[in-house]
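Residue numbers (my numbering), protein chains in the order written: chain A, 1 to 315; chain B, 1001 to 1315. All remarks here apply to the structure that follows.
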DNA sequence: TACGAGTTGCGTCGATTGGTGCGTCGATAA
DNA sequence: TTATCGACGCACCAATCGACGCAACTCGTA
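This is the structure in structure tokens:
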């Protein structure tokens, strides 16, 4: 009594791909039900499903679909994922498809992440990010994995108008991963760095990346989050007296230099004010504000502030 | 005990189906009298009748007959459909206590959390929440600790206009805590529950609480997050075919019943559609939508859907 | 830098399959 | 005598089938 014979639709739903894709995988790669009479409906046994699961996992790791299919086809038992991840060089094989996210030459990991995102596979997304974080650290993960994928999703969303769910899901997973990373390497001591988004700015992911990078570098910080009004920001500065403040602006619309001036004029003026993000324009920044080019520079600036503080205190 | 043995015709008349259909249901789905000698007449006990009632109600709601039969067959005592029907009648509505600052009577932990929040002390906030989660679980923590504090902050913000940075910081810490909690008790298996905010709805914290509670209960879910347009939601539903969908609306402005109707009209209609949050109005909800009163009820409803398989053919 | 070739996911279309409710028929239990 | 039984078959409809094509991404080449 094997009631586990899943239909094509059920399997597609479980994997997160379209039904037509299942058919394509069957006829292109031979990844179909073990017994299938042409013309009749496909009935996937648990074994067939396991094969497809392998296919799903490998593609989520960035392996070319053709290659993944070859592996899945002759896979008597679940294979170690390490061996796969280790072989970074992909055999010649292009990639694409209507529902993919452009990641350029950001590497197979980014490609896999994009695929997992498209099928709303939160588990695979989180796993990929977590692995990248432990292997390459926060800065590298952000620059070479997360940012390309996020930019790709953003571009696609800007042109087609869709993919909003994908964007939200990925953002959430990234946020969670950063939070977990920060928590794992959480240093102690007073927080002397304040991270905040500009007023009306709702993209906080880059700031969270910075926070995770700071935690990784042994720095403590305070994160105010998105959409912080100037009054609230100044209020927080005067109350906590941070050594450095990072203000993130993603677009020009939220990059009001007045906010930076307000920071510089605050009662307890921070040693360092960083205007981070592509929103700021160099020629409109008030004097005394530093504009880091990328995540790495922001981190090194923060580290420098910490060192100078330690030195001045003679600790 | 055997005094009420109904004949096939009586049962058929009571259910509103043909007699032959009863026979069909017996031999196709095993939904027959508990003791039946082949060739003899069927005698339905009240228990058998209850099973058939479940079958009828589920199919009337649009559930696939095979699936409905599976529910009805393996229904010991607590029937999900019963819970569903019962929840239609709203239990005595408990609005979150009309006081100005409800934190006061929410216990010392809430008071301490509020104080840490005013201090912008992220570490203390996170620690308090984490301890509450491990001690009392997700539901209790949400109801007795987090919600009072969040409501209190929200009220303050509504009247004074300040505290935005506090609100953000606490939200972020809560979000992180839920993420960590979900990750710690992360079950495996295909996600059969979809969590999403209504269109334009940007409060996702309650949904994250629900997610954490589901993970705690051993359920997997998919979280779409805030501000999900109807099109994206329907797209995700048709793509992943969840058994249940929870749509959160915090305020009336975001509670458009059209979104629920769109869910019910989706190609692969979910078994259960939950309209969660104070935004929804009971009298405007389309038929077939359940409105849980609180977090605990939402969790129990989701648990009821757990064991459902999505294949439409029985053993 | 631009462009064509190879890859790949998936939408669309007309035809078919398979699940479902129920009517019918000869035989049988009540 | 009547209601029901088991078996068979039919009509309806959603899901799926196979085939085809589109769009988009990558990469090699000019």
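Positions of the beta carbon are idealized from the N, C-alpha and C atoms, including for glycine.
- When 8 Å is used as the limit between beta carbons, residue 236(A) is near these residues of chain B: 1120 and 1165, in chain order.
- In the assembly as shown, residue 1074(B) is an exposed residue. Its beta-carbon has fewer than 16 other beta-carbons within 10 Å.
- Looking at the DSSP output, residue 1273(B) bridges to 1245(B) and 1289(B).
- Going by beta carbons, residue 1245(B) and residue 1196(B) fall inside the 9 Å limit.
- Counting only Cβ-Cβ distances below 9 Å, residue 1010(B) has no contacts in chain A at all, with the closest Cβ about 31 Å away.
- Judged by DSSP in its simplified three-state form, residue 150(A) adopts helix.
- In the three-state DSSP reduction, residue 44(A) falls in the strand class (E or B).
- In this structure, the alpha-carbon of residue 59(A) lies about 21 Å from that of residue 134(A).
- Put simply, the segment 214-224 of chain A touches the segment 233-242 of chain A. At least three CB pairs are less than 8 Å apart.
- About 5 Å separates the beta carbon of residue 1202(B) from that of residue 1226(B), a gap short enough to meet the 8 Å contact definition.
- Residue 128(A) is classed as buried because its beta carbon has at least 16 other beta carbons within 10 Å across all chains shown.
- For the set 1013(B), 1260(B), 1199(B) and 1032(B), the Cα lying nearest the Cα of residue 1272(B) is the one of 1260(B).
- The beta carbons of residue 1274(B) and residue 1257(B) sit no closer together than 9 Å.
- For residue 129(A), the uninterrupted alpha helix (DSSP H) run begins and ends at 122-141, by DSSP.
- In this structure residue 212(A) is buried. Its beta-carbon is surrounded by 16 or more other beta-carbon atoms within 10 angstroms.
- Residues are counted here when their Cβ sits less than 7 Å from a Cβ of chain B; for the segment 187-206 of chain A the count is zero.
- Between residue 1030(B) and residue 1022(B), the CB-CB gap reaches or exceeds 9 Å.
- Residue 1228(B) is not a Cβ neighbour of residue 153(A), given a cutoff of 9 Å.
- For the pair residue 49(A) and residue 6(A), the CB atoms are nearer than the 9 Å cut-off.
- Closer than 8 Å at the C-beta level to chain A, one finds these residues of the segment 1224-1256 of chain B: 1224, 1225, 1226, 1227, 1228, 1229, 1231, 1232, 1233, 1235, 1236, 1239, 1240 and 1241.
- In terms of Cα proximity to residue 1282(B), the closest of 1018(B), 1117(B), 1298(B) and 1255(B) is 1255(B).
- At least 9 Å separates the CB of residue 297(A) from every CB of chain B.
- The beta carbon of residue 162(A) sits closer than 9 Å to some beta carbon of chain B.
- What residue 1169(B) touches in chain A, judged by beta-carbon distance under 8 Å, is 222, 223, 224 and 225, going in chain order.
- Taking a C-beta cut-off of 7 Å against chain B, the contacting residues of the segment 11-36 of chain A are 13, 14 and 16, listed in chain order.
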